[in-house]
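Numbering (our numbering), first residue to last: 116 to 399.
For each residue, glycine too, the CB sits at the ideal point set by N, CA and C.
What you are looking at is a predicted structure, and each value in this text was computed from that prediction instead of being measured.
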């Protein structure tokens, strides 16, 4: 494939900025801006599917990448303020910081004073999520950056299948749904020729993961998982050891976490006490 084709993308390029572009009218760079400006025809058009806490947080990072244009969002939930968060209204605070001066009270109707008791000893704050808050945020962000203060270029969908049909010129999707939907949505997108950035875990089973890899090869699309520090020196060194066979065949991977700010499980249930009964009669 010709690397000058705007739909060409290497794995590393996709991980860094997610794929290559397509749906806008081509305008010469000199007309739109100077050095460092990405014209619309060079942007990666992206849909975000799954707008819970993780989807909202990553979407805010994607919005800031000049190579990317978020053109649609999708979630079965229209919108609510009952998503578990790390701190009170964390997503709303992040959104206001992203939008900048003049947006200090943005999304006030989505503010949530609530908490939820996840375990006997652990409660967490609640906050915004869903397709409507995400759509409003995308349009507020681009509107605040285009000089007019207004933008209406982000479509919202309840069903990812409808999105894939109607957004036929889309370049890529970011999947941040609950885990059991990762494989079905990613496979459907790849079969439509869309590049896929999928939240970890990749799938709900090894069989699903293998099928995802097969479809990616068949469709010749780029795929990636958003793993922290994928190109750090430590990660690359370990990858080289594994590739070179320095530590033999990898059969297991053990991971530990000491994070105190998020429940790593729930308390072990106690066996209910059983009341003993005494029989006063005889059998037979």
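Alpha-carbon to alpha-carbon, residue j and residue i
{"i": "residue 310", "j": "residue 157", "result": "16 angstroms"}
{"i": "residue 265", "j": "residue 305", "result": "33 angstroms"}
{"i": "residue 347", "j": "residue 340", "result": "15 angstroms"}
{"i": "residue 349", "j": "residue 335", "result": "30 angstroms"}
{"i": "residue 250", "j": "residue 367", "result": "41 angstroms"}
{"i": "residue 278", "j": "residue 164", "result": "9 angstroms"}
{"i": "residue 256", "j": "residue 329", "result": "37 angstroms"}
{"i": "residue 259", "j": "residue 230", "result": "32 angstroms"}
{"i": "residue 314", "j": "residue 293", "result": "9 angstroms"}
{"i": "residue 333", "j": "residue 303", "result": "13 angstroms"}
{"i": "residue 97", "j": "residue 171", "result": "No information on residue 97 is available, as it lies outside the stretch 116 to 399 that the chain covers here."}
DSSP-derived helix/strand/coil call for residue i
{"i": "residue 219", "result": "coil"}
{"i": "residue 201", "result": "coil"}
{"i": "residue 281", "result": "helix"}
{"i": "residue 319", "result": "coil"}
{"i": "residue 353", "result": "helix"}
{"i": "residue 310", "result": "strand"}
{"i": "residue 365", "result": "coil"}
{"i": "residue 337", "result": "coil"}
{"i": "residue 240", "result": "strand"}
{"i": "residue 226", "result": "coil"}
{"i": "residue 292", "result": "coil"}
{"i": "residue 233", "result": "coil"}
{"i": "residue 184", "result": "strand"}
{"i": "residue 214", "result": "helix"}
{"i": "residue 266", "result": "coil"}
{"i": "residue 326", "result": "helix"}
{"i": "residue 191", "result": "coil"}
{"i": "residue 166", "result": "coil"}
Cβ neighbour criterion (16 or more within 10 Å) applied to residue i
{"i": "residue 351", "result": "exposed"}
{"i": "residue 219", "result": "exposed"}
{"i": "residue 176", "result": "exposed"}
{"i": "residue 359", "result": "exposed"}
{"i": "residue 190", "result": "buried"}
Cutoff 6 angstroms; reference residue i; Cβ partners in own chain excluding five residues on either side
{"i": "residue 253", "result": "185, 269"}
{"i": "residue 248", "result": "194, 225"}
{"i": "residue 355", "result": "none"}
{"i": "residue 105", "result": "A query on residue 105 cannot be resolved here, the shown segment of the chain reaching from 116 to 399 and no further."}
{"i": "residue 174", "result": "163"}
{"i": "residue 271", "result": "188, 246, 250"}
{"i": "residue 192", "result": "245"}
Same chain only: Cβ atoms within 8 angstroms of residue i, ignoring 5 sequence neighbours per side
{"i": "residue 200", "result": "168, 206, 239, 240, 241, 242"}
{"i": "residue 222", "result": "207, 210, 211, 243, 248, 251, 252"}
{"i": "residue 281", "result": "270, 272"}
Cut-off 7 angstroms between Cβ atoms - residues of its own chain near residue i, not counting five sequence neighbours on either side
{"i": "residue 267", "result": "254"}
inquiry  = Any contact between the segment 206-223 and the segment 289-300? By contact I mean 3 or more CB pairs, one from each, below 8 angstroms.
reply    = Cβ pair count under 8 angstroms is below three, so no.
message = Measuring CB atoms only, is the segment 160-171 touching the segment 280-296, in the sense that at least three cross pairs come out at less than 8 angstroms?
response = Segment contact: the segment 160-171 against the segment 280-296, three or more CB-CB distances shorter than 8 angstroms; contact assigned.
request  = Decide yes or no for the touch test of the segment 183-202 against the segment 214-222: beta carbon pairs closer than 8 angstroms, at least 3 of them.
outcome  = At 8 angstroms Cβ cutoff, the stretches do not touch.
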